[in-house]
Ligand SMILES: Nc1ncnc2c1ncn2[C@@H]1O[C@H](COP(=O)(O)OP(=O)(O)O)[C@@H](O)[C@H]1O
Ligand SMILES: CC(C)(COP(=O)(O)O)[C@@H](O)C(=O)NCCC(=O)O
Ligand SMILES: [K+]
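In the UniProt record's numbering, the protein residues as written are 1 to 242.
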């Protein structure tokens, strides 16, 4: 049995083949704003799979995928079997990627845990001691903050975030690296401290997403960095729902 796992988030839509037991090396990516039936035909040419599992937080793309997929498919939602309970007032509000993260994190790292997903937004997802999704926090992603600055100022360029050489930046770009990376790490530390305060029992903290490695380097409280949490969560959901 081969699955096509699709993680449709706001910046990138990732495609990975997997067996029920493990992710395979076949991976594709389409920038989310470029997803169309033609792009899907082109990018996924030659990939063979028996069924697809999708977590989508972009309704336009979910519709394109629904029309395009010909094999049996499952679109992850709060109604899916996740291997995790949901203890949340409005479960339908929860982003499907956050539920995929919860499924993957519990399977690989246990609970209670917090998953920090550094995407277009950074999401903090809390799984409590009863193995239930409890909620969390959402803040602007690192790249989103950088894009905002470049778009809304006359003299600040767009920068690729990387480790600052000094806290005291001695150029515009160095000052922006210092502000972005140290500022972001400070934000993550404070949010984790507040979440942990409310959780009582010490959770495992797992980071994922495009900026995870850079930010986690300066946040000791992050126990693991795992780029494949969302995709492995989708793989678990496939086994439970297809
Ligand atoms: N393969 C990559 N190479 C370089 N930067 C990346 C890569 N993947 C993600 N990023 C960075 O992380 C940010 C979030 O990407 P991603 O985690 O894919 O977002 P989302 O999950 O919201 O689509 C991107 O805006 C980019 O700055
Ligand atoms: C918060 C998110 C935008 C994160 O998505 P991403 O940054 O991975 O594109 C996504 O999980 C979402 O659209 N959630 C719906 C609102 C909620 O979870 O409360
Ligand atoms: K994501």
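Where a beta carbon is used, it is the ideal one built from N, C-alpha and C, also for glycine.
Note that the coordinates shown come from a computational prediction; the quantities given were computed from them, not determined experimentally.
Residue range of the beta strand (DSSP E) that residue i falls in?
i: residue 31; result: 23-31
i: residue 8; result: 3-8
i: residue 133; result: 132-140
i: residue 209; result: 204-209
i: residue 126; result: 121-127
i: residue 14; result: 12-18
i: residue 56; result: 51-56
i: residue 74; result: 73-75
Which residue marks the beginning of the alpha helix (DSSP H) containing residue i, and which one marks its end?
i: residue 39; result: 37-43
i: residue 215; result: 212-216
i: residue 64; result: 59-68
i: residue 116; result: First-last for residue 116: 113-118, but that is the beta strand (DSSP E), not the alpha helix (DSSP H).
i: residue 177; result: 172-199
i: residue 104; result: 96-109
From this set, the options, which residue's C-alpha is nearest residue i's C-alpha?
i: residue 1; options: 36, 42, 49, 44; result: 49
i: residue 206; options: 37, 9, 110, 153; result: 110
i: residue 227; options: 16, 193, 179; result: 16
i: residue 70; options: 108, 4, 13, 90; result: 4
i: residue 29; options: 22, 42, 21, 20; result: 42
i: residue 46; options: 19, 53, 27; result: 27
i: residue 13; options: 229, 144, 130, 56; result: 56
i: residue 214; options: 167, 229, 184, 151; result: 184
i: residue 90; options: 78, 84, 98, 117; result: 78
i: residue 237; options: 73, 31, 38; result: 73
i: residue 203; options: 97, 210, 130; result: 130
i: residue 31; options: 18, 20, 6; result: 6
i: residue 60; options: 80, 160, 34, 152; result: 34
i: residue 209; options: 218, 221, 225, 219; result: 225
With a threshold of 6 Å on Cβ separation, who are the neighbours of residue i within its own chain once the five nearest residues in sequence on each side are excluded?
i: residue 141; result: 119, 120, 121, 122
i: residue 169; result: 175, 178
Return the Cβ separation of residue i and residue j in integer angstroms, given the expectation that the two are a contact with Cβ distance under 8 Å.
i: residue 114; j: residue 195; result: 6 Å
i: residue 8; j: residue 62; result: 7 Å
i: residue 53; j: residue 76; result: 7 Å
i: residue 178; j: residue 162; result: With 8 Å as the limit, residue 178 and residue 162 do not qualify as a contact, their Cβ atoms being about 11 Å apart.
Excluding five sequence neighbours on each side, which residues of the same chain lie with their C-beta closer than 7 Å to the C-beta of residue i?
i: residue 135; result: 88, 126
i: residue 138; result: 121, 123
Using a Cβ-Cβ cut-off of 8 Å (strictly less than) and excluding sequence neighbours within five positions of residue i, which residues of its own chain qualify?
i: residue 67; result: 37
Between the region 192-199 and the region 90-105, can you find at least three pairs of beta-carbon atoms closer than 8 Å? no
Contact between the region 185-192 and the region 147-157 is defined here as three or more beta-carbon pairs at a separation below 8 Å; is this criterion met? no
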